[in-house]
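Undergrad:
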């Protein structure tokens, strides 16, 4: 069965309000399909690399049948933001012309609170495994990056994962790292089925699926001034990183189990 990882593309029509969480200044915006989205900007701090992390992390979560809001490519016209009064936001909008990334806005969702909601062992293990695999530093008690919507747990914000790409050195070494930061994961105490989940998820994430996911990275996001590789060369490094990390999953699974 072929998975479909193609994303819709929407045009941003209205900037509603900045969302001040985190350093990337995402915003609530409305698109030409009349839906509201949480918009992530290419002109923000970590630029297109944060968008690539958000896209790849989200697509992997989708492949693993975990709940996350729909991801869409969001086109920002060059005229957009000229009337914005806040200079910082105007600069951000002007620097984000072209293709950005957005997540469907879950109206009425509330932030996941581990003191209020208990997550069962299987789901906790699945989410911990995902975050250890994609090296997501950002699902802690301080910043859970999960929402409760219609009584279900939804994952958001994968922009801090795949952090090897900020230095782009020794990606092979990063791919085989145990990911010690998993010790801070908000769901680690409940994640008692990591070995079982590891076997299931490795069967799902075939090389073909990983290649399909990496191929959804827009060429436009792979034009890095600070890289010697071609865009296709960069794309291939992402693919090799994900394949190598999966082949050596016992390294990060053992780390997570020891941290428990």
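In full-length UniProt numbering, the protein residues as written are 1 to 260.
All C-beta atoms in this analysis are idealised placements derived from N, C-alpha and C, irrespective of residue type, glycine included.
Please list the terminal residues of the continuous alpha helix (DSSP H) segment that includes residue 93.
TA: Walking along the chain shown from the start, residue 93 turns up at place 93. It spans 87 to 94 - the alpha helix (DSSP H) in which residue 93 sits, taken as one unbroken run.
Undergrad: I need the straight-line Cα distance from residue 256 to residue 16, nearest angstrom please.
TA: Here residue 256 refers to the residue found at position 256 when the chain shown is read from its first residue. Here residue 16 refers to the residue found at position 16 when the chain shown is read from its first residue. Spanning the two alpha carbons is a distance of roughly 40 Å.
Undergrad: Answer yes if the stretch 243 to 259 comes into contact with the stretch 172 to 185, meaning at least three C-beta pairs across the two stretches below 8 Å, and no otherwise.
TA: A contact exists between the stretch 172 to 185 and the stretch 243 to 259.
Undergrad: How far does the alpha helix (DSSP H) with residue 122 in it reach, from first residue to last?
TA: As a first step, residue 122 must be located in the chain shown, where it is residue number 122. 121 to 133 is the span of the alpha helix (DSSP H), which, as asked, contains residue 122.
Undergrad: Once you ignore the five residues that flank residue 33 on each side, which residues in its own chain have a CB closer than 7 Å to its CB?
TA: On the chain shown, residue 33 is found 33 positions in, with the first residue counted as 1. Cβ neighbours of residue 33 beyond the five flanking positions: 10.
Undergrad: What separation, rounded to the nearest whole angstrom, lies between the Cα atoms of residue 248 and residue 172?
TA: What you label residue 248 is simply residue 248 of the chain shown in a count that begins at 1. What you label residue 172 is simply residue 172 of the chain shown in a count that begins at 1. If you take the alpha carbons of residue 248 and residue 172, they lie about 11 Å apart.
Undergrad: If we count the other Cβ atoms within 10 Å of its Cβ and call it buried at 16 or more, is residue 167 buried or exposed?
TA: Looking up residue 167 in the chain shown gives position 167. Its Cβ having fewer than 16 others within 10 Å, residue 167 is exposed.
Undergrad: Please state whether the Cβ-Cβ distance between residue 147 and residue 61 is less than 7 Å.
TA: On the chain shown, residue 147 is found 147 positions in, with the first residue counted as 1. On the chain shown, residue 61 is found 61 positions in, with the first residue counted as 1. Going by C-beta atoms, residue 147 is not nearer than 7 Å to residue 61.
Undergrad: Using three-state DSSP, classify residue 202 as helix, strand or coil.
TA: Here residue 202 corresponds to residue number 202 of the chain shown, with the count starting at 1. Here residue 202 sits in helix by DSSP.
Undergrad: Measuring only the C-alpha atoms, how far is residue 163 from residue 133?
TA: Stepping through the chain shown from its first residue, residue 163 is reached at position 163. Stepping through the chain shown from its first residue, residue 133 is reached at position 133. C-alpha separation (whole angstroms): 12 Å.
Undergrad: Please say whether residue 7 and residue 68 have beta carbons closer to each other than 7 Å?
TA: Numbered from 1 along the chain shown, position 68 holds the residue referred to as residue 68. Numbered from 1 along the chain shown, position 7 holds the residue referred to as residue 7. No, Cβ-Cβ distance for residue 68 and residue 7 is not below 7 Å.
Undergrad: Quick check on this structure: which residue in 87, 45 and 123 has the alpha carbon closest to the alpha carbon of residue 192?
TA: In the chain shown, counting from the first residue as 1, residue 192 sits at position 192. The residue with the shortest Cα to Cα distance from residue 192 is 123.
Undergrad: I'd like to know whether the C-beta atoms of residue 219 and residue 127 end up nearer to each other than 7 Å.
TA: Your numbering for residue 219 matches position 219 in the chain shown. Your numbering for residue 127 matches position 127 in the chain shown. In this structure, residue 127 does not lie closer than 7 Å to residue 219 by Cβ.
Undergrad: Is it the case that the Cβ atoms of residue 161 and residue 44 are separated by a distance below 7 Å?
TA: Taking the chain shown and counting its residues from 1, one reaches residue 161 at position 161. Taking the chain shown and counting its residues from 1, one reaches residue 44 at position 44. Taking 7 Å as the Cβ cut-off, residue 161 and residue 44 do not qualify as a contacting pair.
Undergrad: Given this structure, state the Cα-to-Cα distance separating residue 4 from residue 216, to the nearest angstrom.
TA: Taking the chain shown and counting its residues from 1, one reaches residue 4 at position 4. Taking the chain shown and counting its residues from 1, one reaches residue 216 at position 216. Straight-line Cα distance between these residues: approximately 10 Å.
Undergrad: So residue 119 and residue 198 are supposed to be a Cβ contact under 8 Å. How far apart are they, rounded?
TA: Along the chain shown, read from residue 1 onward, the residue named residue 119 stands at position 119. Along the chain shown, read from residue 1 onward, the residue named residue 198 stands at position 198. Between residue 198 and residue 119 the Cβ distance is about 18 Å, and since that is not below 8 Å, they are no contact.
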